[in-house]
Each structure stands twice: as C-alpha cells, then as structure tokens.
Amino acid sequence: MLEAVFTLLPLFAIITGFFDVSFALFSWNTLQNAVRMGCRYAVTFQTSGALGQDASIAQIVVQNSMGLLSSSTAIDSSSPTQLSITTNYFTQESPNTAIAAPNGNVPGNIVQVTVVNYPLQWMIPISGTLANPYRSQSPATINLYAMDVLGGYPVGASSVTR
Numbered sequence: 007m008l009e010a011v012f013t014l015l016p017l018f019a020i021i022t023g024f025f026d027v028s029f030a031l032f033s034w035n036t037l038q039n040a041v042r043m044g045c046r047y048a049v050t051f052q053t054s055g056a057l058g059q060d061a062s063i064a065q066i067v068v069q070n071s072m073g074l075l076s077s078s079t080a081i082d083s084s085s086p087t088q089l090s091i092t093t094n095y096f097t098q099e100s101p102n103t104a105i106a107a108p109n110g111n112v113p114g115n116i117v118q119v120t121v122v123n124y125p126l127q128w129m130i131p132i133s134g135t136l137a138n139p140y141r142s143q144s145p146a147t148i149n150l151y152a153m154d155v156l157g158g159y160p161v162g163a164s165s166v167t168r
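So this is what it looks like as structure tokens:
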C-alpha cells in the first residue's frame with residue numbers, strides 16, 4: 007500500500023502537469039489563430055450588421071476562439087489586468103503611436119488586433135502556494151497580437167465607421 011502511494015502520487019502529478027502544459031499550448035494556439043482571423047477580417051473593412059468595425063472584429067475573434075472567449079469579454083478595456091479584445095490603428099510613418107478614434111481605419115494604415123490578459127487555469131494549484139506565495143492570481147496570462155496593413159475600401163464604400 008505504501009509503495010502504491012509513493013508511486014501513484016508523483017505519477018498523477020506528472021500526468022496533470024502534462025495536461026496543464028498541453029492546455030496552455032492549445033489555448034495559446036487557438037487564441038493566436040482567433041486574433042489572426044480578426045486581423046484578416048479587419049483589413050477587408052467588413053462590418054457585421056449594425057456593429058462598428060471594432061465591435062465586428064471583436065465578434066470575429068470571439069467566434070474563432072473555440073469557446074475560450076465569450077461575448078462578454080471586454081472590448082478596449084482601460085483596466086490593465088482585465089481580459090480584453092483591443093483594436094488599434096497606426097500610421098506607417100508612426101507605427102508606435104496609436105491613432106485616436108475615429109480616424110484610424112483608413113486604407114494604408116496598420117491595424118493591430120490583440121487579446122490581452124487571458125488567464126491560464128491550471129489543474130495543479132501553483133498560485134499562492136508555498137512554491138509561489140507572492141502571486142495570488144493565475145500564475146500566467148497570455149497576450150496575443152496580430153498586425154497587418156489595411157487594404158482599400160470595398161467597392162462602393164468611401165468610409166467605414168469604427
């Protein structure tokens with residue numbers, strides 16, 4: 007009985023560790039693909055229904071996230087620790103300074119779609135334990151980015167509302 011305990015306990019720890027790493031890689035890959043699809047949607051200047059372009063881009067990111075994000079995910083959150091989907095626009099002359107709304111989504115500018123502060127939920131509780139007593143939250147968050155240059159307006163359109 008004692009030998010079984012000394013064998014099974016480390017075995018279960020290793021197995022759950024494999025699940026944690028595998029799910030972290032799956033989450034990162036899935037969300038990176040969702041952000042990339044949002045960026046591809048952005049360069050075509052499409053909008054969904056009565057939504058503006060930024061809300062339509064966020065909707066595409068949520069649709070492609072395979073359930074990891076929900077429609078209640080904040081769009082353009084001002085809180086630095088909140089999970090959010092953000093769309094920023096930059097000029098090619100000044101790629102480090104975001105353009106304030108509503109003049110950013112014009113052809114030739116750069117669009118950046120991001121998902122920031124996606125928390126990884128671990129099976130093994132690493133947070134706030136003896137191994138890591140200084141962190142009371144999830145031990146890791148994922149930040150994902152995709153950028154591309156905006157193409158021309160669709161046929162018959164001269165602007166798109168942000």
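Take this note's numbering: the final residue in the sequence shown is number 168, and no numbers are missing along the way. The beta carbon of each residue, even a glycine, is placed where N, CA and C say it ideally should be.
Rounded to whole angstroms, what's the CA-CA distance from residue i to residue j? Just pull it up for me.
i              : j            : result
glutamine 69   : proline 125  : 19 Å
valine 49      : valine 155   : 7 Å
glutamate 99   : valine 117   : 13 Å
glycine 134    : tyrosine 159 : Interpretation of glycine 134 is limited by its pLDDT of 48, a score under 50 that renders its predicted location unreliable; no figure is taken from the coordinates.
alanine 64     : glycine 162  : 24 Å
asparagine 115 : glutamine 38 : 22 Å
DSSP has residue i in a bridge; who is on the other side?
i              : result
serine 90      : Ala80, Val122
aspartate 154  : Val117
isoleucine 148 : Tyr124
tyrosine 95    : Val117
Pick from the options: whose alpha carbon is nearest that of residue i?
i              : options                        : result
alanine 106    : Ile91, Thr87, Met129, Asp82    : Asp82
serine 165     : Ala30, Thr53, Cys45            : Thr53
asparagine 109 : Asn35, Asp60, Met153, Tyr151   : Asp60
alanine 30     : Met7, Leu8, Leu74              : Leu74
threonine 92   : Leu15, Val161, Leu17, Cys45    : Cys45
glycine 23     : Thr167, Gly157, Gln127, Ala152 : Gln127
alanine 152    : Asn35, Glu9, Ala10, Ile21      : Asn35
methionine 43  : Pro101, Ala146, Phe18, Met72   : Met72
valine 119     : Thr167, Thr13, Leu150          : Leu150
So, are the CB atoms of residue i and residue j less than 8 Å apart?
i              : j             : result
threonine 79   : serine 90     : yes
tyrosine 95    : isoleucine 66 : no
valine 121     : valine 27     : no
isoleucine 148 : serine 33     : yes
asparagine 111 : glutamine 88  : no
proline 113    : glycine 157   : yes
Give the secondary structure of residue i by DSSP, where H, G and I count as helix, E and B as strand, and everything else as coil.
i             : result
threonine 103 : coil
glutamine 52  : coil
isoleucine 21 : helix
leucine 15    : helix
glycine 162   : coil
glycine 110   : coil
leucine 57    : coil
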